[in-house]
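Participant: Each position in the sequence shown, counted from 1, maps to that position plus 372 in this note's numbering. Using N, Cα and C, we set each Cβ at its ideal position, and we do this for glycine too. The following block contains the structure, expressed as structure tokens.
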Amino acid sequence: MADNLPSGTEFRAGRSDSTASAASSTGSSSAATAPSWAGVKQQAATAATTATQATRRASQGAGSPTFRRPSHPLFEGLTAQKRKDDAESVARRQSMSEQRPAAGFIGQMWNKVFCLVGYTARSNCAFGQILPVSNSSYLLFDGKTAAPTAIRAGVPQGSPLSPVLFILYISSLYKQLKDEHPHLAITGFADDTNLLVFGRNPEANVRQLEAAWETCIRWADSRGMKFAPEKSELIHFNKGRRQWTEQVNLANPRGGTSPVKPEGSARFLGVWLDWKLNWKAHLVAVEKKLRTQSYALSRIVAKTWGMGLAKAREVYTKCIRSALAYGASSFHIPTDVGGEPAKKGITKALGKAQNKSLRIVAGAFKSTPIRNLETETWVPPLDLYLNKRLADFENRLQQPDLDDGRGGKKTAASVVLTACRKIQQRLSSRRGNRGRPRTLGPQGPTAVERAAGTVMRWTGGIVDTNRVVEEAWKARWLKEWDGRAITRPADDFDHQQETLFRNETLRRHDGLSKAKSSLLIQIRTGAIGLRDFLFTREVPEVLTPACECGEGRETAEHLVVWCLAPPLTRRWERTGIRTRRDFYSVLHGINPTTARLARRVLDWLMDSGKLPMYNLARRLELEAAA
């Protein structure tokens, strides 16, 4: 994105200080025909009565029970005081409509909505379910009712009409901006409006933004609204070494001007954009958020207590990883299938945050290789997961659920996509071999072309991106294993297992407590609190890696299979655990037989006293079983 975006300036207009009902300026041509609220209600009541009588006659003629108007609290639960308030409100609105003709814009809008959702023969309270009859609110707290407060503007909070009415109301501003400033890029979502101008001269960009602000002020004045310049933000995007410092002087509706200084970064729809578009501001914001989430995760799960592995993994993937991957279609540069992981940039920094969370989820030591933890918890590397998110995004653009009108539905997305494809085909046919090449010699692909090729290799008409991620993950894992980039005792057996990169790997933890799950992962990765591992980590209290029997290094495999002086009697010597291969086949723990033997091995290690951190968890487990 940073390579393709020319220097420009973005301006975020301030939000309105008043609601839509404040549109009370004069001069509107539609004001003379605006119906009053009393007239609207009278027409609705007449229509409802007619529909009810027709339905009642039809039901009685067919021998059906007499139609009875359905009860609704908005109509039948009104007290005498509220009815009085309603009558006063209707009279007040009628007088305001007669005195202020410009309010007819809002009146016509309400009338259209009323006609769309108005009374029907089946139920004559559909309109009341969306727009309340009463224009006052009551606060109920601890069984007590506060005095009524008159509501003179707006719709109830959470009403489905709120976004619809706002879009109808604000759309004229966007049209006016586009007509008066054709070179202005306008983006809006809800109540956020962003204006973007392009140019190499910051002074010219500032003048265009100030002219656009004047248009916004005129639009607001004609509707009785006021924009707050102090809520506006300004940011200059450029690739130079120096940040542009030109400020925008916005006309204040209260008089004078309000200067808006440029910011180093700005937030747009949850994504932070900095002035050089290198995503450092977004990384800082995400890391700040993840510190809180990682702390919360460590409060609910640890090595020897907390929720099981499957639940902890679900918390991470749905709460933490979703925050990591938000906005990936903007900042992520896809890595090649089976290629090296990201070496720099925001993706690598976010990958470190995932590594920290996976160690908490798995209950592993900090020195455990992260590639092993990704396999044990069935969480792919973050760059591959972001590749999947980006590929899914591209697939949605290439294969919209709404086609070009020949079948199914037809929307703006399908129309735009079809038009873009036709333009591309027409330009390709016209281009041909006209002109001579600008440079001589072989031409290498640009960075954009390489990225596009990578995305095409990820998509390529393949909808099942989960399978693509799994294959890319396996190719990278085997490449690192062949290069001895990672080592662990179980590598010689697990890298050929077909379930290694599928979610069946979580089955070996079914029915295991968090303590046993973390112990199983520590045995499989080799990073376990025995002498061999502690000695390699230079723990001061451990002076030798050798076992007490003197026949080898103290590892889980040695204690279970080879130790001549085991701390406890081994009860499986005649049941299939006699070699190294038998030991790691049991740790695979997929079928019922190996899973049962794996539980016996875990219980034996926890009872051996060689792992003090599991003593309390084992004692509590035995007490609960008793």
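Taking the runs of the beta strand (DSSP E) that are 3 residues or longer, which of them lie wholly in the region 639-675?
Facilitator: Counting whole runs of 3 or more residues, the region 639-675 contains the beta strand (DSSP E) stretches 643-646.
Participant: Can you give me the C-alpha to C-alpha distance between LYS720 and THR689, rounded to a whole angstrom?
Facilitator: In a straight line, the C-alpha of LYS720 is about 18 Å away from that of THR689.
Participant: Would the beta-carbon of ILE742 fall within 8 Å of that of ASN759?
Facilitator: The answer is no: Cβ separation not under 8 Å.
Participant: Go through its chain and collect everything with a Cβ distance to VAL578's Cβ below 8 Å, but skip five positions before and after it.
Facilitator: Closer than 8 Å at the Cβ level, and outside the excluded window around VAL578, lie THR381, GLU618, GLN619, VAL620.
Participant: Check the C-beta distance from VAL658 over to LEU722 and give it rounded, since I have them as a contact under 8 Å.
Facilitator: 7 Å between Cβ atoms; contact.
Participant: Buried or exposed: ALA887, going by 16 or more other Cβ atoms within 10 Å of its Cβ?
Facilitator: So ALA887 counts as buried.
Participant: Which residue's Cα is closest to the Cα of VAL840: SER889, LEU762, ALA967?
Facilitator: Comparing Cα-Cα distances from VAL840 to each of SER889, LEU762, ALA967, the minimum goes to LEU762.
Participant: From SER508 to VAL527, what does the alpha carbon distance come to, in whole angstroms?
Facilitator: Whole-angstrom Cα-Cα distance: 11 Å.
Participant: Give a yes or no on contact between the region 644-657 and the region 679-693, applying the rule of three or more CB pairs nearer than 8 Å.
Facilitator: No: the two stretches stay apart, fewer than three of their Cβ pairs being nearer than 8 Å.
Participant: Within its chain, find whatever has a CB closer than 6 Å to the CB of GLY717; leave out the 5 residues flanking it on each side and keep chain order.
Facilitator: So no residue of the chain qualifies.
Participant: ALA695: which of LEU754, GLU635, GLU843 sits nearest, CA to CA?
Facilitator: Answer by Cα proximity: LEU754.
Participant: If distances are taken between C-alpha atoms only, which option among GLY612, TRP976, SER890 comes closest to PHE737?
Facilitator: Selected option, being the one with the closest Cα: SER890.
Participant: Under the rule that 16 or more other beta-carbon atoms within 10 Å means buried, what is CYS919, buried or exposed?
Facilitator: Looking at its Cβ environment, which holds 16 or more other Cβ atoms inside 10 Å, CYS919 is buried.
Participant: Give the DSSP bridge partners of VAL632, in chain order.
Facilitator: Answer is VAL620.
Participant: Please state whether the Cβ-Cβ distance between THR747 and TRP849 is less than 8 Å.
Facilitator: In contact: THR747 and TRP849 (Cβ atoms closer than 8 Å).
Participant: Among ALA844, TRP976, ALA592, ILE558, whose alpha-carbon lies nearest the alpha-carbon of THR707?
Facilitator: Minimum Cα distance to THR707 is reached at ALA844.
Participant: Grab the span of the beta strand (DSSP E) containing VAL569 for me, first residue to last.
Facilitator: Its beta strand (DSSP E) spans residues 564-570.
Participant: Could you tell me if HIS960 is buried or exposed, where buried requires 16 or more neighbouring beta carbons within 10 angstroms of its beta carbon?
Facilitator: So HIS960 counts as buried.
Participant: What residue from PRO752, MET679, LEU769, ALA700 has the CA that sits closest to ILE999's CA?
Facilitator: Beyond the ends of the chain as shown, which are 373 and 998, falls residue 999; an answer cannot be given.
Participant: Rounding to the nearest angstrom, what Cα-Cα distance links THR916 and ALA928 in this structure?
Facilitator: Going from the Cα of THR916 to the Cα of ALA928 covers about 16 Å.
Participant: Along the chain, where does the beta strand (DSSP E) that runs through THR559 open and close?
Facilitator: That run of the beta strand (DSSP E) goes 557-561.
Participant: So the candidates are ALA970, LEU568, GLY628; which of them puts its Cα closest to the Cα of GLU605?
Facilitator: The option with the nearest alpha carbon to GLU605 is LEU568.
Participant: Taking buried to mean at least 16 other C-beta atoms within 10 Å of its own C-beta, is CYS588 buried or exposed?
Facilitator: By the neighbour-count rule (16 or more Cβ atoms within 10 Å), CYS588 is buried.
Participant: Classify LEU936 as helix, strand or coil using the three-state DSSP reduction.
Facilitator: Note: LEU936 maps to coil in three-state DSSP.
Participant: Helix, strand or coil: which one does DSSP assign to PHE609?
Facilitator: Note: PHE609 maps to strand in three-state DSSP.
Participant: Contact between the region 897-908 and the region 932-940: three or more CB pairs below 8 Å?
Facilitator: Result no; under three Cβ-Cβ pairs closer than 8 Å.
Participant: Please report the distance separating the alpha-carbon of ARG613 from that of LEU645.
Facilitator: Between ARG613 and LEU645, the C-alpha separation is close to 17 Å.
Participant: Of all the options ARG590, ALA638, THR897, which has the alpha carbon lying nearest to the alpha carbon of LYS603?
Facilitator: Answer by Cα proximity: ALA638.
Participant: Which residues does DSSP list as the beta-bridge partners of GLY678?
Facilitator: Per DSSP, VAL673.
Participant: Considering only DSSP beta bridges, list what LYS851 is partnered with.
Facilitator: The partner list for LYS851 (beta bridge, DSSP) is empty, contrary to what the question assumes.
Participant: Give the range of the alpha helix (DSSP H) segment to which ASP882 is assigned.
Facilitator: That residue, ASP882, is in no alpha helix (DSSP H); it is neither H nor E in DSSP.
Participant: Tell me, please, which residues DSSP counts as bridged to LEU512.
Facilitator: Partner(s): THR517.
Participant: Who pairs with ALA522 in a beta bridge, going by DSSP?
Facilitator: SER508, per the DSSP bridge assignment.
Participant: If the criterion is Cβ atoms closer than 8 Å, does the pair VAL958 and THR966 meet it?
Facilitator: It is a contact, given that the beta carbons lie within the stated cut-off.
Participant: Would you list the residues sitting across from ARG925 in a DSSP beta bridge?
Facilitator: DSSP output for ARG925 lists ALA918 as bridge partner(s).
Participant: Cα-Cα, which of ASP564, PRO554, LEU533 is closest to PHE570?
Facilitator: When each option's Cα is compared against that of PHE570, the closest is PRO554.
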